[in-house]
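For reference, the structure is listed below as structure tokens.
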Amino acid sequence: MSIQRIYNVISEKDYKEHSQKTRKIVEKANTILRKPRELNERKMFWVYRVLGKDAELKIPKKHINDFQFLIMHILKKPKENRFTDLRSYYKLKEETIDNLKFLLFPDKFPPGGYNEKLKKYGVEFYNPQVILKRLNFKDFIDLYALITYVPLDVKTPFVQDLIDEILSIDPIDTKISLYTKIKEIFKSLGSYEKQMVELQLKNISYYHYRLMSRKSIKGVIIDGSNVVRYNDQDSILRLVDLLDNLYIENMTFFPAIIVFDRNIEYVLKNEEDKDILKKMSEKKRIYFESPADELIVHLSNRHGYYMISQDKFNEYQFDKDKLLEFRRFFDE
Numbered sequence: 475m476s477i478q479r480i481y482n483v484i485s486e487k488d489y490k491e492h493s494q495k496t497r498k499i500v501e502k503a504n505t506i507l508r509k510p511r512e513l514n515e516r517k518m519f520w521v522y523r524v525l526g527k528d529a530e531l532k533i534p535k536k537h538i539n540d541f542q543f544l545i546m547h548i549l550k551k552p553k554e555n556r557f558t559d560l561r562s563y564y565k566l567k568e569e570t571i572d573n574l575k576f577l578l579f580p581d582k583f584p585p586g587g588y589n590e591k592l593k594k595y596g597v598e599f600y601n602p603q604v605i606l607k608r609l610n611f612k613d614f615i616d617l618y619a620l621i622t623y624v625p626l627d628v629k630t631p632f633v634q635d636l637i638d639e640i641l642s643i644d645p646i647d648t649k650i651s652l653y654t655k656i657k658e659i660f661k662s663l664g665s666y667e668k669q670m671v672e673l674q675l676k677n678i679s680y681y682h683y684r685l686m687s688r689k690s691i692k693g694v695i696i697d698g699s700n701v702v703r704y705n706d707q708d709s710i711l712r713l714v715d716l717l718d719n720l721y722i723e724n725m726t727f728f729p730a731i732i733v734f735d736r737n738i739e740y741v742l743k744n745e746e747d748k749d750i751l752k753k754m755s756e757k758k759r760i761y762f763e764s765p766a767d768e769l770i771v772h773l774s775n776r777h778g779y780y781m782i783s784q785d786k787f788n789e790y791q792f793d794k795d796k797l798l799e800f801r802r803f804f805d806e
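Quick note on this note's numbering: the sequence shown kicks off at 475 and runs consecutively.
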């Protein structure tokens with residue numbers, strides 16, 4: 475492989491789509507990180523997508539305020555010793571800190587370990603600025619897209635089929651036995667194949683990446699009508715978004731059961747929402763019951779599942795630690 479090989483790769487249609495998705499992720503994470511006072515645990519997931527597992531495992535062990543303070547310190551005066559302080563405080567790897575520099579200043583710093591990751595193209599650069607000039611890259615986000623891309627000629631049909639299987643997992647429809655089978659196949663992969671799968675999942679669906687990469691997977695009951703009515707929006711789109719974001723700091727949720735009040739159809743404002751509800755109602759784990767609260771708590775107690783709702787269910791007996799507020803699943 476050579477520079478010409480890279481030119482060929484970046485002209486591929488798949489690469490262009492990958493590059494566009496990658497830029498959106500990095501720019502979103504950059505925007506979040508550069509407003510440290512507004513950081514919360516949910517927004518940090520955008521940061522972890524770039525910083526990697528090392529950060530995702532170590533940073534949440536400390537209070538979010540500590541991270542906010544250290545980032546504010548760096549943004550005020552981005553000296554090397556301030557990055558060193560952050561690395562020492564969280565015991566992070568050098569590559570993670572290099573990724574943090576890149577994420578904060580993508581026009582100045584290359585992503586961590588870029589030279590090692592460029593070896594798959596058979597090239598090595600000793601000056602990262604040369605990469606921008608030689609490849610006509612706008613900034614180091616383009617380099618990050620290149621090193622996180624899996625070239626078409628190294629994707630095996632088996633790996634691509636597995637990615638498709640993973641992405642087809644539907645929390646309200648896929649059988650638990652099928653999910654378990656897919657995860658066992660993923661766990662049996664070699665380190666290189668596993669890395670290829672994870673890289674692509676991060677770019678496509680962070681929820682499915684978490685399903686494969688995290689050990690703590692829990693079942694959940696969703697108060698469908700409560701989510702639909704959240705902030706008086708009366709829209710099912712919030713619920714659709716929730717199904718793509720079923721994870722919090724230390725847990726990822728599968729399977730999911732949705733319980734609606736029987737009158738939910740009349741709450742929805744437009745025909746599009748009603749069509750979505752109709753298609754959703756054909757899934758395995760959808761229930762319509764009034765009062766919905768009673769069934770939600772019953773299912774949670776019976777299966778040991780968590781619950782997502784803004785309601786308190788004060789009239790029922792249940793494990794209070796298993797009630798999660800809906801807003802925890804969005805980075806508003």
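Quick reminder that beta carbons are idealized off the backbone N, C-alpha and C, glycines included.
Where residue i sits in the DSSP three-state scheme
{"i": "Met670", "result": "helix"}
{"i": "Tyr780", "result": "strand"}
{"i": "Val697", "result": "The question names Val, but residue 697 in the sequence shown is Asp. Looking at Asp697 - three-state DSSP - the assignment turns out to be strand."}
{"i": "Pro645", "result": "coil"}
{"i": "Leu620", "result": "helix"}
{"i": "Met475", "result": "Caution applies to Met475, whose pLDDT of 45 falls short of 50 and renders its modelled position unreliable; the value that the coordinates give is listed next. The answer is coil: DSSP assigns Met475 none of H, G, I, E or B."}
{"i": "Phe519", "result": "helix"}
{"i": "Lys692", "result": "strand"}
{"i": "Tyr790", "result": "coil"}
{"i": "Phe599", "result": "coil"}
{"i": "Leu544", "result": "helix"}
{"i": "Phe762", "result": "strand"}
{"i": "Leu769", "result": "helix"}
{"i": "Leu713", "result": "helix"}
{"i": "Leu797", "result": "strand"}
Continuous alpha helix (DSSP H) stretch holding residue i: start and end
{"i": "Lys757", "result": "Here Lys757 belongs to no alpha helix (DSSP H), and DSSP marks it neither H nor E."}
{"i": "Lys551", "result": "Here Lys551 belongs to no alpha helix (DSSP H), and DSSP marks it neither H nor E."}
{"i": "Ile656", "result": "Ile650 to Lys661"}
{"i": "Thr505", "result": "Lys487 to Leu507"}
{"i": "Lys532", "result": "Lys527 to Lys532"}
{"i": "Lys591", "result": "Tyr588 to Leu592"}
{"i": "Ser813", "result": "Outside the displayed span of the chain (475 to 806) sits residue 813, for which this structure offers no information."}
{"i": "Phe739", "result": "According to the sequence displayed, residue 739 carries Glu and not Phe. Note, Glu739: alpha helix (DSSP H), Ile738 to Val741."}
Alpha-carbon to alpha-carbon, residue j and residue i
{"i": "Ser709", "j": "Val702", "result": "5 Å"}
{"i": "Asn557", "j": "Asn700", "result": "It is Phe, not Asn, that sits at residue 557 in the sequence shown. Rounded to the nearest angstrom, the two C-alpha atoms are 43 Å apart."}
{"i": "Phe614", "j": "Pro765", "result": "54 Å"}
{"i": "Val741", "j": "Ser783", "result": "17 Å"}
{"i": "Ile637", "j": "Lys535", "result": "30 Å"}
{"i": "Ile644", "j": "Arg561", "result": "Strictly speaking, residue 644 in this sequence is Asp, with Ile absent from that position. Each residue's alpha carbon lies about 38 Å from the other."}
{"i": "Ile538", "j": "Ala503", "result": "16 Å"}
{"i": "Leu566", "j": "Glu789", "result": "46 Å"}
{"i": "Tyr780", "j": "Asp793", "result": "9 Å"}
{"i": "Tyr595", "j": "Lys757", "result": "44 Å"}
{"i": "Arg511", "j": "Gln542", "result": "6 Å"}
{"i": "Arg712", "j": "Gly586", "result": "36 Å"}
{"i": "Asp488", "j": "Ile499", "result": "17 Å"}
{"i": "Glu746", "j": "Val714", "result": "13 Å"}
{"i": "Ile696", "j": "Lys553", "result": "46 Å"}
{"i": "His777", "j": "Phe519", "result": "28 Å"}
{"i": "Phe611", "j": "Asp581", "result": "10 Å"}
{"i": "Met725", "j": "Phe800", "result": "14 Å"}
{"i": "Asp647", "j": "Leu720", "result": "14 Å"}
{"i": "Tyr879", "j": "Gly698", "result": "What is shown of the chain runs 475 to 806, which leaves residue 879 out entirely."}
{"i": "Phe728", "j": "Ile605", "result": "42 Å"}
{"i": "Thr630", "j": "Leu652", "result": "22 Å"}
{"i": "Ser755", "j": "Ile656", "result": "25 Å"}
{"i": "Thr505", "j": "Gln791", "result": "43 Å"}
{"i": "His547", "j": "Leu797", "result": "36 Å"}
{"i": "Asp749", "j": "Leu716", "result": "18 Å"}
{"i": "Glu515", "j": "Glu530", "result": "11 Å"}
{"i": "Asp635", "j": "Ile484", "result": "23 Å"}
{"i": "Pro773", "j": "Leu751", "result": "Rather than Pro, the amino acid found at residue 773 in this sequence is Leu. Going from the Cα of Leu773 to the Cα of Leu751 covers about 21 Å."}
Pair within 8 Å by beta-carbon distance, residue i and residue j
{"i": "Phe803", "j": "Phe762", "result": "no"}
{"i": "Tyr680", "j": "Arg497", "result": "no"}
{"i": "Met670", "j": "Val633", "result": "yes"}
{"i": "Ala619", "j": "Ser493", "result": "yes"}
{"i": "Lys527", "j": "Tyr564", "result": "no"}
{"i": "Ile621", "j": "Lys591", "result": "yes"}
{"i": "Asn677", "j": "Lys495", "result": "yes"}
{"i": "Val624", "j": "Leu549", "result": "no"}
{"i": "Leu574", "j": "Leu544", "result": "no"}
{"i": "Phe660", "j": "Lys668", "result": "yes"}
Element boundaries [beta strand (DSSP E), containing residue i]
{"i": "Pro580", "result": "That residue, Pro580, is in no beta strand (DSSP E); it is neither H nor E in DSSP."}
{"i": "Ile732", "result": "Thr726 to Phe734"}
Cβ-Cβ separation, residue j to residue i (assumed contact under 8 Å), whole Å
{"i": "Asn589", "j": "Phe576", "result": "Contact doesn't hold; Cβ gap of about 14 Å is too wide."}
{"i": "Leu507", "j": "Leu617", "result": "That belief does not hold up - the Cβ atoms of Leu507 and Leu617 are roughly 18 Å apart, past 8 Å."}
{"i": "Val597", "j": "Ile480", "result": "7 Å"}
{"i": "Arg759", "j": "Ile732", "result": "7 Å"}
Residue i: CB within 7 Å of a non-hydrogen atom of the ligand PLP
{"i": "Trp520", "result": "This structure simply doesn't include the ligand PLP, nor any ligand for that matter."}
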